[in-house]
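Student: Protein chains in written order, with our numbering: chain A, 1 to 480; chain B, 1001 to 1480.
All residues carry an ideal CB built from backbone N, CA and C; glycine is no exception.
Quantities reported herein were computed from a predicted structural model and do not represent experimental measurements.
Sharing a structure, written as structure tokens. Questions coming.
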């Protein structure tokens, strides 16, 4: 994986320069790098393996709710993209256009999909006829392309990997329910699998997806106090269905519109993992999404019996279902430790001559660096417990950090002050006017509404900027 | 899945019109259909679910040999595509070109990848330095695009799903070995998982992949006697490496070229499944790639206790790990049987009042229609045995068909005659001259060399066409 040419050097300190620290971790852990195609990434084995674990977990959660996977084309005819007015307005400025096929100029342009609502709607408009054809609850794992100007590894790139779910339903209520259900699936996966806490809720009007009636979002808090929009679920009402003329004959023999949803989760989630859990030694992966849960590191491996015992241990752990590797290279133990830490591998097992003599090993936790002596004949059971403890502890620490960075404000000076001292989310009320939000953004150096808060008592009845009656309470934050 | 609107109608008979039968099965089993994007497919849930099972099986086989998954961009700068002369000559006529990004005309054109050798080489030319960085054994699951003129579902479409593996090695021998190793992985997967037999071997010069030194192929025989190129593995020598200047410093401090391979398996394999195993009632899926292994069909389900017992059975089977569904719709049993057969579900379990009284069920095999009475308290164990028997029997039948359609010829009239009477593969010798092959193709109505035969005694020492000394013995066949 790592070659000798790469010195284990100290990366930039996270608290000194968060942006540089992030870039350093991505590079040194060999997660991804920029390709020769401007703004596009090469997802390297260490990064892609994390994505595979996230995929497997999410996909199982989807299927448990009845989702079926499909694959629709990567190209969208220009005419289709234009059918829903808000949608084309949102996406046309950032799509790539195919104009030639083989040696010929095409009669019609195609864009590379920035998202696939239009293709799903086109297919359904031709195939859905009766209430018996509903609902359709489909998803695809694919890549999409948006011609972004500025890019950052995992957070924003021209092409990125994601899943996009698309559903149609006979009733408004059923579609709304599915929108929330998928938001909940995303919440469970962030909480249980990525050990990432968040705030979540409905987006304000100006932050909605192009063409959506409602957008629900998960907003996670990165270690620098900025919010990352981490997954979204959209309710379209019958807007797309009407634009694409998707009608069905109901039981009462009436022709009716369908109601639609879509929902997406991308490789941005890998960026969230880095920025929520990482530290000055590199990546820290929650065990559930760690491609390698444990690295066995023999100590004084030249001494007789050490490598044999380490190999036997490796085999025992593999047979028990652990994702485990050994580092029996000729590098020094110190180097090996640094590398395992940089890669975020949740545990390492140190095993040397003395350990073997005492019939024990030393397990070192990546998250706390705690050393745990475990009897060799108990390690197969104990390691799973340690990994589960790490998973839980990582969530608790992140949750504590989040709670410490949620505050309230009722006046603009207070809001400005709190964004200076206590980075994170600030609850404040708002009249709903975009101009007021713009002014807040300007005076706080970038804070906007991340999502609306609908189940809590308001901290004020007035807009934080203009003082007129508030329509919403929202989480405000600076975002990626 | 299926709606009442779709009548279970007889599809075209396989032996009357094979091409129409194929199209009918694809449509009626709802595997895929043409999208609004000319020549591109919508992979529908029933078809995509087969692909997911193939993916899972192949991916596990890959990983067991040390393959790591990655993802590289879908766009290739024109300049990169042009670096290897044979490669660009082969692919330039059939790529789609992106010329505009957002509102701007681009300074350089990008093609949508038809295959990704150039991107992998570009990345490695920048990152590989020492023998310690080798080998790289990478793979990606993605889609590629080739601007084909004529298309057929699964067999040939502009965009298709596949995996493309790319590897580089320090030595010629190691790369050659990997080429064969991956051919063997494909062979195992076709044989064990898809229950499809084949002939395999090296391609003749004119049938090689653009830029390859050697191409190895798996050629499966469809029920109409035509060959389907079903997966390929390529050895590049150092051709690409030299064009892209991928050099490494060896242990002896010398700067050396790397040696490269690539290998691919596509959704064409779903076409092979249909055309090898299908019959006049529709699809017949080998259990290992059947998204649903068994459909439970209650008989006289309005009678008291039937649905309850069927549901309980469903649960037992699910809990035991079967991929199983129930059809408790209000359609007639006959309709349900036809539908289960059309979808190729390997078994159905019929359970009615009498069965329950006798504490039994009737398992019906899709492949033979054999009815097997099984005691209810043994079904959880017996069903697995029945499914495994089906898997083995399907392979044996296909293998017998293949062997019955392999013959030899030593003269052109004999070859012509045998292609008339005994469709399939004919072993014949050849001088290696492309003109001779062209004449054979013309006079047989389309037969060409599918692969060379290197471990058998030759049937003649003369070229089947010109009579000059033979250089090769090959399998000749008409191909898709």
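Run through DSSP, which three-state label would residue 1515 of chain B get?
Tutor: The question about residue 1515 of chain B has no answer here: the residues shown for chain B are numbered 1001 through 1480.
Student: I think residue 115 of chain A touches residue 164 of chain A, with their Cβ atoms under 8 Å apart; what is that distance to the nearest whole Å?
Tutor: Yes, they are in contact, since the Cβ atoms of residue 115 of chain A and residue 164 of chain A sit about 6 Å apart, within 8 Å.
Student: I'd like to know if residue 1094 of chain B contacts chain A, where contact means its C-beta is closer than 7 Å to some C-beta of that chain.
Tutor: So yes, residue 1094 of chain B belongs to the interface.
Student: Which one of A:250, A:457 and A:449 has the shortest CA to CA distance from residue 476 of chain A?
Tutor: Minimum Cα distance to residue 476 of chain A is reached at A:449.
Student: Between which two residues does the alpha helix (DSSP H) harbouring residue 247 of chain A extend?
Tutor: It is not in any alpha helix (DSSP H) - residue 247 of chain A instead sits in the beta strand (DSSP E) that spans 247–249.
Student: Measure the CB-CB distance between residue 506 of chain A and residue 465 of chain A and report whether it falls below 7 Å.
Tutor: There is simply no residue 506 of chain A to check, as chain A begins at 1 and stops at 480 in what is shown.
Student: Assuming residue 356 of chain A and residue 324 of chain A form a contact by the criterion Cβ under 8 Å, report the distance between their Cβ atoms to the nearest whole angstrom.
Tutor: No, residue 356 of chain A and residue 324 of chain A are not in contact; Cβ-Cβ is about 18 Å, not under 8 Å.
Student: Going by C-alpha to C-alpha distance, which of A:203, A:417, A:352 and A:285 sits closest to residue 26 of chain A?
Tutor: Ranking the options by Cα distance to residue 26 of chain A, first place goes to A:285.
Student: Cβ of residue 1271 of chain B within 7 Å of Cβ of residue 1424 of chain B?
Tutor: Not closer than 7 Å, so no.
Student: On the CB-based measure, 16 or more other CB atoms within 10 Å of its CB, does residue 434 of chain A come out buried or exposed?
Tutor: The residue is exposed, with fewer than 16 neighbouring Cβ atoms inside 10 Å.
Student: What do you reckon, are the CB atoms on residue 1123 of chain B and residue 206 of chain A nearer than 7 Å?
Tutor: Contact: no.
Student: If you draw a straight line from the C-alpha of residue 1001 of chain B to the C-alpha of residue 452 of chain A, how long is it?
Tutor: At residue 1001 of chain B, the pLDDT of 39 sits below 50, so the modelled position is not reliable and the matter cannot be decided from this model.
Student: Take residue 1255 of chain B as the anchor and find which of B:1268, B:1241, B:1091 and B:1235 has the nearest alpha-carbon.
Tutor: Nearest option by C-alpha distance: B:1241.
Student: Pull out every residue of the stretch 311–342 of chain A whose Cβ sits closer than 7 Å to any Cβ of chain B, in chain order.
Tutor: Here the close residues number zero.
Student: List, in chain order, every chain A residue whose beta-carbon is nearer than 8 Å to that of residue 1069 of chain B.
Tutor: Simply 45, 48, 49 and 52.
Student: Thinking C-beta only, is residue 234 of chain A closer than 7 Å to residue 275 of chain A?
Tutor: No, the Cβ-Cβ distance between residue 275 of chain A and residue 234 of chain A is not below 7 Å.
Student: So residue 106 of chain A is in the beta strand (DSSP E); what residue range does that whole segment cover?
Tutor: Run containing residue 106 of chain A: 104–112, per the beta strand (DSSP E) assignment.
Student: Just verifying my parser: in three-state terms, what is the DSSP assignment at residue 1359 of chain B?
Tutor: Here residue 1359 of chain B sits in coil by DSSP.
Student: Considering only their Cβ atoms, is the gap separating residue 300 of chain A from residue 353 of chain A smaller than 7 Å?
Tutor: A contact, by the Cβ cut-off of 7 Å.
Student: Is it the case that the CB of residue 110 of chain A approaches a heavy atom of the ligand PLP more closely than 6 Å?
Tutor: Ligands in the displayed structure: none, and consequently the ligand PLP is not present.
Student: Would you please state the rounded distance, in angstroms, between the beta carbons of residue 282 of chain A and residue 11 of chain A? I believe it to be under 8 Å.
Tutor: Contact flag correct, Cβ pair sits at about 7 Å.
Student: Indicate whether residue 1075 of chain B and residue 1110 of chain B have their beta-carbon atoms separated by less than 7 Å.
Tutor: A contact, by the Cβ cut-off of 7 Å.
Student: For the alpha helix (DSSP H) containing residue 318 of chain A, list its first residue and its last residue.
Tutor: That run of the alpha helix (DSSP H) goes 306–319.
Student: By Cβ distance, which residues of its chain are closer than 7 Å to residue 1394 of chain B, with the 5 residues on each side in sequence left out?
Tutor: Contacts found: 1195, 1277, 1286 and 1367.
Student: Residue 130 of chain A: which of A:100, A:168 and A:95 sits nearest, CA to CA?
Tutor: Cα-wise, what sits closest to residue 130 of chain A is A:168.
Student: Give the range of the alpha helix (DSSP H) segment to which residue 444 of chain A is assigned.
Tutor: Its alpha helix (DSSP H) spans residues 434–444.
Student: If you reduce the DSSP assignment to three classes, tell me which class residue 1124 of chain B lands in.
Tutor: Here residue 1124 of chain B sits in helix by DSSP.
Student: So residue 1154 of chain B packs on residue 1144 of chain B, CB below 8 Å; how close in whole Å?
Tutor: Not confirmed; about 15 Å, so no contact.
Student: Are the C-beta atoms of residue 1121 of chain B and some chain A residue less than 7 Å apart?
Tutor: Not closer than 7 Å to any Cβ of chain A, the Cβ of residue 1121 of chain B fails to qualify, so no.
Student: Please list, in chain order, all residues of the same chain as residue 280 of chain A whose beta carbon is under 6 Å from its beta carbon, the five residues on each side excluded.
Tutor: 13 and 14.
Student: Please return the same chain residues whose Cβ sits closer than 8 Å to the Cβ of residue 411 of chain A, not counting the five positions on each side in sequence.
Tutor: Cβ within range, chain order: 464.
Student: Does residue 402 of chain A have its Cβ less than 7 Å from a Cβ in chain B?
Tutor: Output row for residue 402 of chain A: interface = no.
Student: For residue 1375 of chain B, list the residues DSSP reports as bridge partners.
Tutor: Its beta-bridge partners are B:1360.
Student: Would you kindly check if the distance between the Cβ of residue 320 of chain A and the Cβ of residue 362 of chain A is under 7 Å?
Tutor: No, Cβ-Cβ distance for residue 362 of chain A and residue 320 of chain A is not below 7 Å.
Student: Give me the residue from A:69, A:474 and A:216 with the minimum Cα distance to residue 431 of chain A.
Tutor: Nearest option by C-alpha distance: A:474.
Student: So if I threshold CB-CB distances at 7 Å, which residues from the stretch 156–182 of chain A count as touching chain B?
Tutor: The residues in question are 159 and 161.
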